[in-house]
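Residue numbers (the numbering used here), protein chains in the order written: chain D, 1 to 354; chain E, 1001 to 1354; chain S, 2001 to 2354; chain H, 3001 to 3354; chain X, 4001 to 4354. For every residue, glycine included, the Cβ atom is placed at its ideal position computed from N, Cα and C.
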Amino acid sequence: MSSTIRNQSQKAGLPPGHLIHVGQKSSSDNKITVIDFNPEGIHQKVISSVDDIFKLEDKVTIKWVDIEGLSNIEQIRKIGTHFNIHELVLEDILNTNQRPKVEFHDHYIYIVLKRWELEHKPFVIGYEQISILILNNYIFTFKERPDNLFNPLISHLKSNKGMLKSRTTDFIAYLILDTIIDEYFNLQEPLEDSLENIDNVLLKNPTTETLQSIQRIKRELIYVHKTVLPLREVINSLQNRNFTLITDETRVYLHDLADHIIRVNEAVDSYRDIISGMLNIYLSSVNNRMNEVMKVLTIFASIFIPLTFLAGIYGMNFKFMPELEWRWGYPLMWGLFIFIPVSLLIYFKRKNWL
Amino acid sequence: MSSTIRNQSQKAGLPPGHLIHVGQKSSSDNKITVIDFNPEGIHQKVISSVDDIFKLEDKVTIKWVDIEGLSNIEQIRKIGTHFNIHELVLEDILNTNQRPKVEFHDHYIYIVLKRWELEHKPFVIGYEQISILILNNYIFTFKERPDNLFNPLISHLKSNKGMLKSRTTDFIAYLILDTIIDEYFNLQEPLEDSLENIDNVLLKNPTTETLQSIQRIKRELIYVHKTVLPLREVINSLQNRNFTLITDETRVYLHDLADHIIRVNEAVDSYRDIISGMLNIYLSSVNNRMNEVMKVLTIFASIFIPLTFLAGIYGMNFKFMPELEWRWGYPLMWGLFIFIPVSLLIYFKRKNWL
Amino acid sequence: MSSTIRNQSQKAGLPPGHLIHVGQKSSSDNKITVIDFNPEGIHQKVISSVDDIFKLEDKVTIKWVDIEGLSNIEQIRKIGTHFNIHELVLEDILNTNQRPKVEFHDHYIYIVLKRWELEHKPFVIGYEQISILILNNYIFTFKERPDNLFNPLISHLKSNKGMLKSRTTDFIAYLILDTIIDEYFNLQEPLEDSLENIDNVLLKNPTTETLQSIQRIKRELIYVHKTVLPLREVINSLQNRNFTLITDETRVYLHDLADHIIRVNEAVDSYRDIISGMLNIYLSSVNNRMNEVMKVLTIFASIFIPLTFLAGIYGMNFKFMPELEWRWGYPLMWGLFIFIPVSLLIYFKRKNWL
Amino acid sequence: MSSTIRNQSQKAGLPPGHLIHVGQKSSSDNKITVIDFNPEGIHQKVISSVDDIFKLEDKVTIKWVDIEGLSNIEQIRKIGTHFNIHELVLEDILNTNQRPKVEFHDHYIYIVLKRWELEHKPFVIGYEQISILILNNYIFTFKERPDNLFNPLISHLKSNKGMLKSRTTDFIAYLILDTIIDEYFNLQEPLEDSLENIDNVLLKNPTTETLQSIQRIKRELIYVHKTVLPLREVINSLQNRNFTLITDETRVYLHDLADHIIRVNEAVDSYRDIISGMLNIYLSSVNNRMNEVMKVLTIFASIFIPLTFLAGIYGMNFKFMPELEWRWGYPLMWGLFIFIPVSLLIYFKRKNWL
Amino acid sequence: MSSTIRNQSQKAGLPPGHLIHVGQKSSSDNKITVIDFNPEGIHQKVISSVDDIFKLEDKVTIKWVDIEGLSNIEQIRKIGTHFNIHELVLEDILNTNQRPKVEFHDHYIYIVLKRWELEHKPFVIGYEQISILILNNYIFTFKERPDNLFNPLISHLKSNKGMLKSRTTDFIAYLILDTIIDEYFNLQEPLEDSLENIDNVLLKNPTTETLQSIQRIKRELIYVHKTVLPLREVINSLQNRNFTLITDETRVYLHDLADHIIRVNEAVDSYRDIISGMLNIYLSSVNNRMNEVMKVLTIFASIFIPLTFLAGIYGMNFKFMPELEWRWGYPLMWGLFIFIPVSLLIYFKRKNWL
């Protein structure tokens, strides 16, 4: 919990204009990859300095620059200065506590969103902030950590060159967004496994740990919900706002993406309904176990307390107790000792306690 | 649950443009039926290939093509190419995890919605996705499975030829939508039977299974709600958007359909209210049973523990216990053994415990 | 419950254009009353066939036709044909499961709403659907059952002829709506009686039956709420929509009616708040009774179990038990037998258990 | 409760145009006060008949007429006729079950709202309906009862003549509204006293009466909320609607009043949060007491039941029980009788039960 | 609680135009600081009377006047008169119970908001009202208490003179707002410490005090929420309203500030979710402890009550009890005394009670 909410405070008190990387520092250095969409094919190259990007500028092709790791602030500042990016946008790229949002600037679009990832089992989700800058011929992606999120997309693009014919940067941005959002579906399997595990102990042996698991999943779903919900608005803005960088053709695809997000949202809502149903069953199950304990106590006590009393009577030392002299007194008592429990057990049976 | 939420993930990671059937595969092949609305009558014919449809194109009559089963992707791609349907629409037709929605394209309308069906008793609902394409002279319906959903409508149309005189494709689309939405009312009987069954055990002998039944119905109703709610928007868009394919005459009928959906929605809400009332009664009933158990324990213990103590007194072996020598000591004790329980019973009676 | 939600299904599967009376059939025949608003006075006449209405058409006066009972479909169809009413409106008049709504057609307004009625004690509400057709010189009301709902209004109109001077059909429609909506206030007395009855047993002797009563009233209020809520929209549409049949003078009165409905709504909300407060008190009261039972058990057990132990000690048969020989051993024990309960009682008193 | 909701029914069934006083009849007669805002000063005069008002009409000064008590309907009808007030407005003035609202008529504004008053201790609120008619030179206030609500305002105005220089009726209306709304703050002290009283018993000795007090305050706050909430809309309409009787200068003051109402609303919401927190603590406190009772029972029973069993063993009459003959048998038993409880007490101590 | 809600009443009943300081009086005098933004640098000076401000008016530089302490009403009135500030604005500055809001007047903007501060441990928040007046060349801040809130900002400005080059008053206002809003993040650490402390006792030893702590934090968060929520609207108004004092350049920064507020809001919501999850765990934990107590009771009672009965049997004094004479009767009994508890313990073990 803390890591998600807390470290927003690290920059508190500083006026704007200071580029500081706020968030978990990854030890590794920045890794910069340039993908050049030539008419003949796609060229992928890892470069060491952003200066190499600027050299490509005279080429008319579309270039996707993927920057992984945010610790090398100097490189990012250079990009900002060269492409005339607002200082607040650069700050937001470096501060990894952003809410998903889209900003339309004069000559570029800035999108920031979260990617989900199963951090560790059974169901702890990690978040990675991804910033996207869409310019006329360039598209930049800034990621917190180096990972292979975009590899499937890139290899797919390499083998389907026709797909990108006469496409513009906005369509590549759509493909990137689509890749990130579809990541969500990978969370479903571990989530459903966790729910199934809880379901299994819920009726048989619910403990406070079960409740904590339920609460933990509930909390994770709240965070997922919080990162999904603003995405609707982001995609809707991209789709509806009349902005030169977004072509009509891409709008149709963004509309489809908006549908995906609505469905992710609804799935999250469904899981939350299931979770709150589990809470009800948990509470009722605990109650039922208490009931069972009470019944055992009541049955034992109700049967043996009267019998003890009976035995107590003939343990009294009164001089004149004629029954004590009877030949069949003692066997008679045994008759009672058997008859009373049997009839009580029948009575409890009738009350559905056994 | 899983089947409804889970299998959205099957296509995750793939860029658009790939036609893959996502959903439960039906073993049977596609079945294509063409219904030709001639001025003289209605001709229904099962065809083996969509090529047969294209031959009909020069006829000015309205043609309804019903495709049951989505496994033969080639046929659907052919329709898409021939009638110039957007690739994302074709994808949505094949991916049976769509939310109900309507899309207005240049020369056609695409509607997708869910049909409800009692899958098995007591109250498990199955969903079938139905896609509708409305063109100028053609109307296409794509269903996941072959079933006889449209048979009553077709036979009704055959015997009421006047009804369709000078009607256009939008009116036939209305009839299809009306048929699907009215299916909902068939769910009411099994639902009410289930509720009645729960009602019967709720006060007498509620178990954790009762709670699970309540939760299961609650969950089913949540899903029904989720498939009904977006229908309002779908019908409203059809009715209000100024689109050439929808005639003013049909709009009046769509308005009526919108009323139906509101009523279905309200009925679902009512059932959900009933279900949550049942939850309250369940919890209170469990509580009451606990109360009853406690009362029995208390009555037994409160009566016999004091008596046992009394008997214990005269079981002591003190030398000087004058009462033990009394002639009437023992009968006197019996007096107490009768008087004490009777007065306690009267006391409990007064407290309304008996 | 069932009767309110269920029988919507009776017409499922039928295409539009079939006039079928859906709802509870009243055995009695249709009763048609015509009220003719002459300048000289009001003439009320029961007629046997709607043909008699058409003969009046050449008169310039306003005519109110009240049709009670919906089983004679032929008569209603005749009215529909003669006055050119849309087939869907006629269907809605006959299907008594409508939501309150208003529809503006070319030359008439169609209003449908529910009337409340205490069906039987203590608080079971019956609903009657009333349809109103407002034309230029005619106003039609269609009721499910013959009853005397409009009698007070008619006799009031007869004795206040000035009131209707130069009034149009919309003002008469307002009077009818006002009469129906004011019926609500008759439900308040039985409702408050029921609530008072529940209040009386709530603290003293709450049973599961009490809970069921609370739930039943809650459910009835939900239904009342559902029939009141859409009325706001109905009246607002009538008031705000620029439609020739509604005069500016009547709009002021409709505004007043809208206020009434808001107040009815708020009263219903208040009752629902009271009901949910009762639920809280019920649950707490049950809990308190459990507490009380536990206290009695604890007091009895805590007092007598130690005493029994003490008596048990001197019931042991050890050879060497010097106390048994003491002269004052037995009276000393009695001292303990009195001292221990008294001090425990004081202790419990201090803990506020007595 | 009843008095607030119920007596709306008194006029049910009557068509409009009947002036009847609906509400609690005050025994006292109407009291009519006229305050004349002369340039030289303020003249306050109690008059016996409204006719005296009409005589003042030729004076150009602003006149505030305060009518206390609504039983003399004739006087109110005269005002209505003379100043051409709509019959429905007159009805609303007399029916004291109005929701706060504002109505803009051709030449006047009608405002109706509720005034709060601590009816009796600890926290029962009474409501008084106040109607305000704002005309060009006249302002009328209609109150249910004679009380001294406006006295502080009037005396303040008398001593601050400059304040009203070149003011119009709308500014006086503002002052009246301000006076009424500020009354709310007088409720805070008794409310907080009540809450403090509940807080004091909540943890120590919560009873069902405590719950009832909580529920009662909750209900009162619901009613307060219901009378405050529509005030926002009232003030906003006055402020925003372009109506000749409201000057721009007064609008600034009305904006300030709107702020007051928002703050009252938020304070009410805060109190409701506190109340629902109290409910939680109440329920938990009752639960804790139950826990405590159970612990005492468990400690007593767990300690003495085993001891009783031990004593019972050596109360048996078997012939061959060697321990009975031992010299130290009895003291050894006493050792056990002391050792067992002590170790159990230590065990319970460790479990935090003591 | 009281201090936040209550003292709004201090001015109730007074008409507008009276300047009274409503709120906690700080003993110290007003402290007035003037910061003069010269092109050459920033001059900070503490002055004794507002008259010194007026002397600076002919200078074209931007001047920020910070007034700490609101008890010297005369000074504030002088500012009001000199700069033509509306009397209601002056009242609002002095009445420290304002809701955050912004008001656009002819030649100035008035902003009022709350600053958060950890008043004392573990988590009690204090609020300080800060009013900001933005004029053309002047910016005024009015604070309740002298503290060093603005010191970091001022020293930062002193060392970064370039930052303010060609900036206007609105940008300084933005810096002030940014400083105040970022203060929120300082609350996170004590809040999370409190939550962690509660978490630690929640499962092991929850008491009613734990519940009270939870409720207290919940309440504090409600207040924080109430002071954050209206800030969104304040910043949005500043950003969107077309007002000459707000330059386009500053709007971008305000947009960033709006993002901050949304994130603060979401963090507060997250904490509230955590708190309500804690409530659930608390209640369940209390329940579990009750369960445990019941189990101990049941185990003790179920084991020893039957044994006591057995011992009681052979404590009876019947003449003819053959077992008493047996040689191995007594050892046999001991066999039972061991066998019965062991088998019961195995039984309870199987039921997961141990």
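Between E/H1107 and E/L1088, the CB-CB gap reaches or exceeds 8 angstroms. Contact with chain D is absent for E/V1124, since none of that chain's Cβ atoms lies less than 8 angstroms from the residue's Cβ. Within the stretch 2292-2315 of chain S, those residues whose Cβ lies closer than 8 angstroms to any Cβ of chain H are, in chain order, M2294, K2295, L2297, T2298, A2301, S2302, I2305, P2306, T2308, F2309, G2312, I2313 and G2315.
Straight-line spacing of the CA atoms in S/T2250 and S/I2172 works out to 9 angstroms.
Note on geometry: alpha-carbon atoms of D/Y253 and S/R2232 lie some 41 angstroms from one another. Burial state of S/T2141 is buried, judged by a 10 Å Cβ sphere holding 16 or more other Cβ atoms.
With respect to chain X, the C-beta atom of D/V286 has a partner C-beta closer than 8 angstroms.
Cβ contact annotation for E/I1073 (same chain, cutoff 8 angstroms, sequence separation greater than five): L1019, I1020, H1021 and L1094, in chain order. The beta strand (DSSP E) runs of length 3 or more contained entirely in the stretch 160-244 of chain D do not exist; there are none. At a cut-off of 8 angstroms between beta-carbon atoms, S/Y2330 makes contact with chain E. Going by beta carbons, D/L345 and D/L310 fall outside the 8 angstroms limit.
Taking CB atoms only, H/R3289 has a neighbour in chain S less than 8 angstroms away.
The Cβ-Cβ distance between X/T4308 and D/T308 falls below 8 angstroms.
If you look at E/Q1075, you'll find it isn't in any beta strand (DSSP E); it sits in the alpha helix (DSSP H) that goes I1073 to F1083.
Look at X/K4226: its C-beta is under 8 angstroms from a C-beta on chain H. Interface flag for X/Q4129 against chain H is unset, since no Cβ pair is found closer than 8 angstroms.
Taking E/I1079 as the centre and dropping the five residues before and after it, the same chain places the C-beta of V1050 closer than 6 angstroms to its C-beta, in chain order. Taking a Cβ-Cβ cut-off of 8 angstroms, the neighbours of S/R2219 in chain E comprise D1273, I1274 and G1277, given in sequence order. When 8 angstroms is used as the limit between beta carbons, E/M1333 is near no residue of chain S, the shortest such separation being about 13 angstroms. By the neighbour-count definition (other C-beta atoms within 10 Å, threshold 16), S/P2322 is an exposed residue.
Straight-line measurement puts the Cα of X/I4076 at about 23 angstroms from the Cα of X/V4060. Listed along chain E, no residue sits closer than 8 angstroms to S/N2084 by beta-carbon distance, the nearest being about 14 angstroms off.
Under DSSP, the beta-bridge partners assigned to H/I3109 are H/F3104 and H/I3134. When secondary structure is reduced to three states using DSSP, S/E2040 falls in the coil class, being assigned neither helix nor strand. For X/D4066, the uninterrupted beta strand (DSSP E) run begins and ends at I4062 to E4068, by DSSP.
The continuous alpha helix (DSSP H) containing X/G4277 extends over residues D4248 to I4313. Look at E/N1095 here: in three-state DSSP terms it is strand.
In the structure shown, D/H120 adopts extended strand secondary structure according to DSSP, grouped into three states. Here X/V4342 carries a helix assignment [DSSP, helix/strand/coil]. Residue-level contact by beta carbon holds for E/I1222 and chain D, with a gap shorter than 8 angstroms. Neighbourhood of E/R1263 in chain S, by CB distance below 9 angstroms: Q2008, N2097, Q2098 and R2099, in chain order. No residue range can be given for D/F320, since it is assigned to no alpha helix (DSSP H) and is classified by DSSP as neither H nor E. The three-state secondary structure of D/I32, taken from DSSP, is strand. Interface flag for E/V1252 against chain S is set, since a Cβ pair is found closer than 8 angstroms. Chain-order list of chain D residues neighbouring X/I4281: T208, L211, Q212 and Q215, by C-beta distance under 9 angstroms.
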